[in-house]
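Peer 1: Residue numbers (the numbering used here), protein chains in the order written: chain P, 1 to 153; chain E, 154 to 836.
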Amino acid sequence: MSDKHLTADVDKILEGLDFARLSAARDEKSRAEKKDLLLRLIEVADSLRALKNHCRELAEAGHDEVPYNSVKLICRQLLAVLEGEDVRPMKAAGHPLDLALHEVVAVRPESDAEEDSVLEEVVFGYLWNDQPLRRAKVIVCAADGVEDLGEVS
Amino acid sequence: MRAIGIDLGTTNSAAAIAEPELTVLPTRAGESLTPSVVSFVRKRKSQGGEIIAGRQAWNNAARDPVNTIFSIKRLMGRVFGESKVDEVIRRAAFQIAEAPPADEQDQGVRVLLNGEPYSPTQISTMILSQVKADAELALGEPVTHAVITVPAYFEERQRKATEAAGEEAGLRVIKIIDEPTAAALAFGVGKEEERHRVLVFDLGGGTFDISIIQMTGGQFSTLEIQGDNWLGGDDFDQVIVNRMMARIQEEYDFDPSGQLGFLLKAKVEAEAAKKALGVQQEVEIFKPLFLNVPGLGPVDLELELSRDEFEKDIQPSVQRTIQLVHEGLDSQSLKPEHITEVLMVGGSTAVPCVHEAVAAVFGPRKVKRHVNPMECVALGAAILAASTELESDVMEAKEGAPRLEQVTPMDLGIAAVKGEDPDTFVAIIDRNTPYPLREAKSRIFYPTAQDQTLIKVPVYEGLSKKASLNEQQGVVEFPLPEGLDPSTAVEVTFNYDQNRTLTVGIRVVGTDQFIEETLRRDRPRVLQGTGQQTLMDDWREDLAPSIRAGTHFQQTYGEYMSETDRAELAEAIQDGQKALDGNLRAAGEQATLVLRNKILGSGIASQMFVAERAMHDAPPETQQIMAKAISDLRGAHARQDQTQVDELSMQLKIAVAQLVARQAAVKEVRDREGWDDLLRVRE
């Protein structure tokens, strides 16, 4: 086959391909894969955070052999890696409820807190590029007169 | 103009487009599904608030479970007191109340949001509005038209209620189609001329449906529907959560079922494990410091779960689905070999033992899983939406578009006397009959008395052999110039068109005595029995009384109409008269439609009109109460007190609905006493 024919055939094949769409599909796939990885990393961050809190309690109880500082540093190290990927913790506790970011899992009366402020992040929320990567599951302060609704299924 | 397909689901809804590419549209939260949830969000330190739908409503559910509505689809078109409504009342945290039926879509079930009653149609409208708004955001242009899917077992009034919700959400509803039909379109089944008989196996999060669809030359018709409203993937997740709890109990002698944090995280882990077991034989759930055990502090969760163990636990649920498959086949006298394809729909069909169980029944080659089971219903609706010509007023299918032939979900028939029982339901069009009918269906009946001069045909839809237990669609009455002998045959004919309009014909066999009446079931219920009567198919018989009624309405109630309504009514009267004078059939039919819409749809003017008509047969004390209500309304209108007008108008509407319901009940009893106007069916 001559070069001329080959070029024509290749051109014909290329004409049939929508590069913009292919490129968008590739970007979307890569983004979905990255999101999946980040979600797994924040699960590790959850575990480390729980370990850090446990170590702190033990250290405060006088168990000096517990490597609380080391665990704290590893935790910070992981959060820094995540931040490098534009992933940030929502830090919902103490802030007003935002239904776009927070899923309420319970309400609780609390005399010192503002109505509808987040009392506790049961599952920590994270933003990725300022969009929710994982919504926070939160307990909020009940309005006056609203009793503790307890747990939800 | 832009058309989308919408899967209006029990738990989640989704929107999709077919052009330029078949795809599900992301919501503003970046998800493919919108939770079918509506919630009232009160503002801080105030009595006020707003109603929201979708993801944010879901997020508010635990904050205010009483004011958050889930699974409204289970209540669409339902009547208060039905067992299915009772089932929802038992399970729901929100409140469900009864209200007087106001029209065909509004069957008396209300859900309460912040103490205010909303019909299921209104709640569905809110969900559809959210889906539409998100679709517009994703597309960057307004969405004007939609194909909306409903379960195949939905009855007529449930379909109408869904259609009304779509229209209220600002969408022109191209078509309401069955979910399994949409799934079949997405799977690309039935494009060829050859005949297919497809079983759609739809196992979602909380519901299970199977449908058998027949496709011939691109035409679809649903043959059989089975299901379980409370069976789905949530049951599978719970099995894994139970194993986690058992493990913790065994390891730490602690019952974690009271720990909210644990339950939330366990559900997420269970979903992930279920998904993993779809592709691997064993999964290791290893969660360091997963929960706090009193006295021990944070403890780890380690659980190895094999696919065999998981599948053993869910066997009862899987076997239940297979049992329903067999029941569906049996009721159509079909065997598995008669099914050409099985389409797997719904996220829970990804569990291997589910498709293995289905494959064991039908053979593995017939079981199709190549379209995302969570998205295929919305995608199928989008395919149909894209194949409709939107530019013209009458939305027509584009060339090559799939032709959908639907089936009647219930029997359609009449009440007749059988033996000594005047409450016998005689089906004329059987359930699962494809429509539009190729030819009208008829049955022969006989007068019940000597010299009977009135034939009364009460029309019902339902499956009960007792007419009064079915849903009345209207009553056709045929006054005869001369009495009939009980041996005279009377033929009752039903026809059912593509718009689900039922035409009832009554013919005295061997004579030219014939009447035909069209039961327009999208019309308000208060009009039943006074519907459009067409004698010998003469449109003029409709128009002339409509003009007279319109003129009377204009003179009596004109001052209570808006300027626009008044002007449109006057124009319709003129147009109608011109059509009568010039013998212009199409213009005449259009004028009749407009006149009736104006008489019945002009706010408080129509309410007063209907109320005064309904009062005629009421007891004197009721007449007095109604007359006072109308007089108060007139007074409030004269004072231009809009708040009072709204309040009184609502009261009057409820009073009329109650009166009409009472009159209908009284009439039913009276009919049974004097059943010589009914027809007799021979035993």
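Each residue gets a CB set at the ideal place from its N, CA and C atoms; glycine is no exception. All figures in this text were calculated on a predicted structure; none of them were measured in a lab.
Going along the segment 28-55 of chain P in order, which residues come within less than 7 angstroms of chain C, judged by CB to CB distance?
Peer 2: No chain C appears in this structure, whose protein chains are P and E.
Peer 1: Residues of the segment 87-110 of chain P with a CB closer than 7 angstroms to any CB of chain E: list them in chain order, please.
Peer 2: Leu-99, Ala-100, His-102, Glu-103, Val-104, Val-105, Ala-106, Val-107
Peer 1: Under 8 angstroms between C-beta atoms, does Asp-116 of chain P make it to chain E?
Peer 2: Residue mapping note: residue 116 of chain P aligns to position 116 of the first sequence, counting from 1. Closer than 8 angstroms: yes.
Peer 1: On the three-state DSSP scale, how would you describe Phe-193 of chain E?
Peer 2: Here residue 193 of chain E refers to the residue found at position 40 when the second sequence is read from its first residue. In the structure shown, Phe-193 of chain E sits in a strand (DSSP, three-state: E or B).
Peer 1: Is Leu-178 of chain E helix, strand or coil by DSSP?
Peer 2: Taking the first residue of the second sequence as 1, we reach residue 178 of chain E at position 25. Coil, per DSSP.
Peer 1: For Ile-327 of chain E, which residues does DSSP report across the bridge?
Peer 2: In the second sequence, residue 327 of chain E corresponds to position 174, counting from 1. Here Ile-327 of chain E is not bridged, per DSSP, to any residue.
Peer 1: Return the Cβ separation of Val-140 of chain P and Ser-117 of chain P in integer angstroms, given the expectation that the two are a contact with Cβ distance under 8 angstroms.
Peer 2: On the first sequence, residue 140 of chain P is found 140 positions in, with the first residue counted as 1. On the first sequence, residue 117 of chain P is found 117 positions in, with the first residue counted as 1. Contact flag correct, Cβ pair sits at about 7 angstroms.
Peer 1: Where does the unbroken beta strand (DSSP E) through His-102 of chain P begin, and where does it stop?
Peer 2: The sequence position of residue 102 of chain P within the first sequence is 102, counting from 1. 102-108 is the span of the beta strand (DSSP E), which, as asked, contains His-102 of chain P.
Peer 1: Between E:Leu-696, E:Asp-695, E:Ile-726, E:Arg-693, which has its C-alpha nearest Gln-120 of chain E's C-alpha?
Peer 2: Because chain E here runs from 154 to 836, residue 120 of chain E falls outside it and cannot be looked at.
Peer 1: CA-CA distance, Ala-425 of chain E and Pro-409 of chain E?
Peer 2: The sequence position of residue 425 of chain E within the second sequence is 272, counting from 1. The sequence position of residue 409 of chain E within the second sequence is 256, counting from 1. If I take the Cα positions, the gap works out to 20 angstroms.
Peer 1: Given a threshold of 16 other Cβ atoms within 10 Å of its Cβ, counted over all protein chains shown, does Asp-287 of chain E qualify as buried or as exposed?
Peer 2: Start at 1 with the first residue of the second sequence, and residue 287 of chain E comes out as number 134. With 16 or more other Cβ atoms within 10 Å, it is buried.
Peer 1: Where do the N-terminal and C-terminal ends of the beta strand (DSSP E) with Pro-333 of chain E fall, by residue?
Peer 2: The residue given as residue 333 of chain E occupies position 180 in the second sequence. Where Pro-333 of chain E is concerned, there is no enclosing beta strand (DSSP E), although the alpha helix (DSSP H) it sits in stretches over 332-339.
Peer 1: Mapping DSSP to helix, strand and coil, what is Ala-602 of chain E?
Peer 2: For this step, residue 602 of chain E is matched to residue 449 along the second sequence. Three-state result, Ala-602 of chain E: coil.
Peer 1: Start and end of the beta strand (DSSP E) containing Ala-136 of chain P?
Peer 2: Sequence index remark: in the first sequence, residue 136 of chain P carries index 136 (1-based). That run of the beta strand (DSSP E) goes 136-141.
Peer 1: Look at Gly-202 of chain E and Arg-195 of chain E and say whether their C-beta atoms are less than 8 angstroms apart.
Peer 2: Position 49 of the second sequence, counted from the start, is the residue given in the question as residue 202 of chain E. Position 42 of the second sequence, counted from the start, is the residue given in the question as residue 195 of chain E. Yes; because the gap between Cβ atoms is below 8 angstroms, this pair is in contact.
Peer 1: With a CB to CB cut of under 6 angstroms and the five nearest residues on each side skipped, what residues in its chain are close to Gln-797 of chain E?
Peer 2: The sequence position of residue 797 of chain E within the second sequence is 644, counting from 1. Only Ala-789 meet the Cβ criterion.
Peer 1: Which residues in chain E sit within 7 angstroms of Gln-131 of chain P, going by Cβ to Cβ distance?
Peer 2: Here residue 131 of chain P refers to the residue found at position 131 when the first sequence is read from its first residue. Going along chain E in sequence order, the residues near Gln-131 of chain P (Cβ under 7 angstroms) are Gly-183.
Peer 1: Helix, strand or coil for Lys-488 of chain E? Go by DSSP, reduced to three states.
Peer 2: For this step, residue 488 of chain E is matched to residue 335 along the second sequence. In this structure, Lys-488 of chain E counts as coil in the three-state DSSP scheme.
Peer 1: Have a look at Lys-781 of chain E and Met-768 of chain E and give me their C-alpha separation to the nearest angstrom.
Peer 2: Walking along the second sequence from the start, residue 781 of chain E turns up at place 628. Walking along the second sequence from the start, residue 768 of chain E turns up at place 615. If you take the alpha carbons of Lys-781 of chain E and Met-768 of chain E, they lie about 12 angstroms apart.
Peer 1: Are at least three pairs of beta-carbons, each pair with one atom in the segment 584-600 of chain E and one in the segment 645-658 of chain E, less than 8 angstroms apart?
Peer 2: yes
Peer 1: Ignore the nearest five residues each way along the sequence and tell me which others in Thr-683 of chain E's own chain have a CB closer than 8 angstroms to its CB.
Peer 2: Position 530 of the second sequence, counting from 1, holds the residue named residue 683 of chain E. Because Thr-683 of chain E carries a pLDDT of 28, less than 50, the predicted location of this residue cannot be relied on, and the following value inherits that uncertainty. Nothing listed; no residue qualifies.
Peer 1: Under a Cβ-count criterion, where at least 16 other Cβ atoms within 10 Å of its own Cβ denotes burial, should Arg-244 of chain E be classed as buried or exposed?
Peer 2: For the purposes of this step, residue 244 of chain E is taken as the residue at position 91 of the second sequence. Classification of Arg-244 of chain E: exposed, given that the 10 Å Cβ count is below 16.
Peer 1: Given that Val-194 of chain E touches chain P, what residues does it touch there, using C-beta distances under 9 angstroms?
Peer 2: On the second sequence, residue 194 of chain E is found 41 positions in, with the first residue counted as 1. Those are Leu-99, listed as they occur along chain P.
Peer 1: Quick one: which chain P residues come within Cβ less than 8 angstroms of Asn-220 of chain E?
Peer 2: Working through the second sequence from its first residue, we reach residue 220 of chain E at position 67. Under the 8 angstroms cutoff, chain P gives no residues; its nearest Cβ is about 11 angstroms from Asn-220 of chain E.
Peer 1: Drop a sphere of 10 angstroms on the beta-carbon of Asp-461 of chain E, count the other beta-carbons inside from all chains shown, and report buried for 16 or more, exposed for fewer.
Peer 2: Locating residue 461 of chain E in the second sequence gives position 308, counting from the first residue. When all chains shown are included, Asp-461 of chain E counts as exposed.
Peer 1: With distances taken between CB atoms, is the gap from Ala-503 of chain E to Ala-169 of chain E smaller than 8 angstroms?
Peer 2: For this step, residue 503 of chain E is matched to residue 350 along the second sequence. For this step, residue 169 of chain E is matched to residue 16 along the second sequence. No; because the gap between Cβ atoms is not below 8 angstroms, this pair is not in contact.
Peer 1: Answer yes or no: does any C-beta atom of chain P fall closer than 8 angstroms to that of Thr-164 of chain E?
Peer 2: The sequence position of residue 164 of chain E within the second sequence is 11, counting from 1. No - not a single Cβ of chain P is within 8 angstroms of the one on Thr-164 of chain E.
Peer 1: Quick one: is Val-834 of chain E buried, meaning 16 or more other Cβ sit within 10 Å of its Cβ, or exposed?
Peer 2: Position 681 of the second sequence, counted from the first residue, corresponds to residue 834 of chain E. The residue in question, Val-834 of chain E, is buried, as its Cβ has 16 or more Cβ neighbours within 10 Å.
Peer 1: Taking DSSP as the reference, what is the three-state secondary structure of Trp-211 of chain E?
Peer 2: Locating residue 211 of chain E in the second sequence gives position 58, where the first residue counts as 1. Note: Trp-211 of chain E maps to helix in three-state DSSP.
Peer 1: Report yes or no: is there a C-beta of chain E within less than 8 angstroms of the C-beta of Lys-137 of chain P?
Peer 2: Here residue 137 of chain P refers to the residue found at position 137 of the first sequence. Taking Cβ atoms only, chain E reaches closer than 8 angstroms to Lys-137 of chain P, which makes this a yes.
Peer 1: If you draw a straight line from the alpha carbon of Val-612 of chain E to that of Ala-568 of chain E, how long is it in whole angstroms?
Peer 2: Within the second sequence, residue 612 of chain E is the residue found at index 459, counting from 1. Within the second sequence, residue 568 of chain E is the residue found at index 415, counting from 1. Those two C-alpha atoms are separated by around 7 angstroms.
Peer 1: So, does the segment 307-323 of chain E touch the segment 272-280 of chain E, judging by three or more C-beta pairs under 8 angstroms?
Peer 2: yes
Peer 1: Taking Cβ positions only, does Gly-268 of chain E come closer than 8 angstroms to chain P?
Peer 2: Residue numbering aside, residue 268 of chain E sits at position 115 when the second sequence is read from its first letter. Not closer than 8 angstroms to any Cβ of chain P, the Cβ of Gly-268 of chain E fails to qualify, so no.
Peer 1: Between the Cα of Met-279 of chain E and the Cα atoms of E:Ile-204, E:Ala-214, E:Ile-249, which residue gives the shortest distance?
Peer 2: Position 126 of the second sequence, counted from the start, is the residue given in the question as residue 279 of chain E. Comparing Cα positions, the closest option is E:Ile-204.
Peer 1: Take Val-296 of chain E and list the residues in its own chain whose beta-carbon comes closer than 6 angstroms to its own, dropping the five residues that flank it on each side.
Peer 2: In the second sequence, counting from the first residue as 1, residue 296 of chain E sits at position 143. Cβ within range, chain order: Arg-155, Ile-157, Lys-285, Ala-288, Glu-289.
Peer 1: Are the C-beta of Val-140 of chain P and some C-beta of chain E separated by less than 8 angstroms?
Peer 2: For the purposes of this step, residue 140 of chain P is identified with residue 140 of the first sequence, where counting begins at 1. Contact of Val-140 of chain P with chain E is assigned, a C-beta pair being separated by under 8 angstroms.
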